[in-house]
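The next block holds one structure in the form of structure tokens; read it before the comments.
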Amino acid sequence: MIPLKYLSAYPAHVTAQVQQLLADDKLGPLLLKKYPSAHGVRTDKALYDYVMDLKTQHLRNAAQINKVGFDAKLHVYHHALGTHTTVSRVQGNKLKAKHEIRIATLFKDVPDAFLKMIAVHELAHLKERNHDKAFYQLCTYMEPDYHQLEFDVRLYLTHIDVAGKLDWPT
Numbered sequence: 306m307i308p309l310k311y312l313s314a315y316p317a318h319v320t321a322q323v324q325q326l327l328a329d330d331k332l333g334p335l336l337l338k339k340y341p342s343a344h345g346v347r348t349d350k351a352l353y354d355y356v357m358d359l360k361t362q363h364l365r366n367a368a369q370i371n372k373v374g375f376d377a378k379l380h381v382y383h384h385a386l387g388t389h390t391t392v393s394r395v396q397g398n399k400l401k402a403k404h405e406i407r408i409a410t411l412f413k414d415v416p417d418a419f420l421k422m423i424a425v426h427e428l429a430h431l432k433e434r435n436h437d438k439a440f441y442q443l444c445t446y447m448e449p450d451y452h453q454l455e456f457d458v459r460l461y462l463t464h465i466d467v468a469g470k471l472d473w474p475t
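Take the sequence shown: its letter number 85 is residue 390 in my numbering, and every next letter is one higher.
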């Protein structure tokens with residue numbers, strides 16, 4: 306039995322299905338069939354534009370984002386898929402806040418839906434700090450299939466643990 310650390314909170318019948326897909330070596334082909342190609346976002350500038358487009362569509366009144374980029378130092382296993390940080394500095398008699406979003410470089414070569422799920426998750430932190438009901442409502446407002454995409458990303462991470470990285474055509 307293969308440990309499924311990314312799916313540990315899911316019911317036993319779901320993890321049993323995933324275990325069977327892994328045993329039959331069908332998880333990778335299933336993901337490749339469902340998501341046939343990778344996104345075209347390759348640079349930090351393109352990622353910034355991608356995230357800002359999402360922000361403009363859904364969170365026009367949210368705080369300004371100062372930096373967005375892929376981060377090779379983010380390790381999915383120890384930290385997170387992405388991070389949203391706020392740095393506050395005193396400038397004169399004002400307090401200035403800078404918001405940064407970093408996404409693990411692992412997500413440079415994945416389907417657009419996976420990148421969108423990560424971006425939506427980090428953008429939601431501009432309005433909601435905690436992973437509570439309001440946070441997930443905001444995520445599903447920006448991406449109606451958010452929960453399915455989050456599950457599919459967890460499947461992908463499980464596949465990486467067991468069988469290695471998938472190569473999506475661009």
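C-beta: ideal position from N, C-alpha, C; glycine also. All of these numbers come straight from a predicted model, not from anything done at the bench.
Close-in-space but distant-in-sequence residues of the same chain around residue i (CB under 8 Å, 5 per side omitted)
{"i": "residue 319", "result": "312"}
{"i": "residue 364", "result": "428, 431, 432, 447"}
Segment limits, beta strand (DSSP E) that includes residue i
{"i": "residue 404", "result": "399-409"}
Spatial distance of residue i from residue j (CA atoms)
{"i": "residue 346", "j": "residue 308", "result": "32 Å"}
{"i": "residue 459", "j": "residue 399", "result": "42 Å"}
{"i": "residue 434", "j": "residue 427", "result": "10 Å"}
{"i": "residue 379", "j": "residue 411", "result": "9 Å"}
{"i": "residue 336", "j": "residue 377", "result": "24 Å"}
Same chain, Cβ closer than 7 Å to residue i, five either side skipped, listed in chain order
{"i": "residue 382", "result": "Here residue 382 scores only 47 on pLDDT, less than 50, and its place in the model should not be relied on; the value that follows carries that caveat. Excluding positions up to five away in sequence, the list is empty."}
{"i": "residue 476", "result": "One cannot answer for residue 476 here, as it falls past the ends of the chain, which runs 306 to 475."}
Delimiting residues of the alpha helix (DSSP H) encompassing residue i
{"i": "residue 375", "result": "Element bounds for residue 375: not the alpha helix (DSSP H) but the beta strand (DSSP E), 370-376."}
{"i": "residue 333", "result": "332-339"}
{"i": "residue 452", "result": "451-468"}
{"i": "residue 441", "result": "438-447"}
{"i": "residue 423", "result": "417-429"}
{"i": "residue 355", "result": "349-363"}
Close beta carbons around residue i, own chain, < 6 Å, minus the five adjacent residues each side
{"i": "residue 425", "result": "444, 447, 448"}
{"i": "residue 373", "result": "352, 353, 356, 406"}
{"i": "residue 451", "result": "444, 445"}
{"i": "residue 441", "result": "none"}
{"i": "residue 474", "result": "342"}
| Between the stretch 411-421 and the stretch 449-457, do at least 3 Cβ pairs fall closer than 8 Å? | The stretch 411-421 vs the stretch 449-457: in contact.
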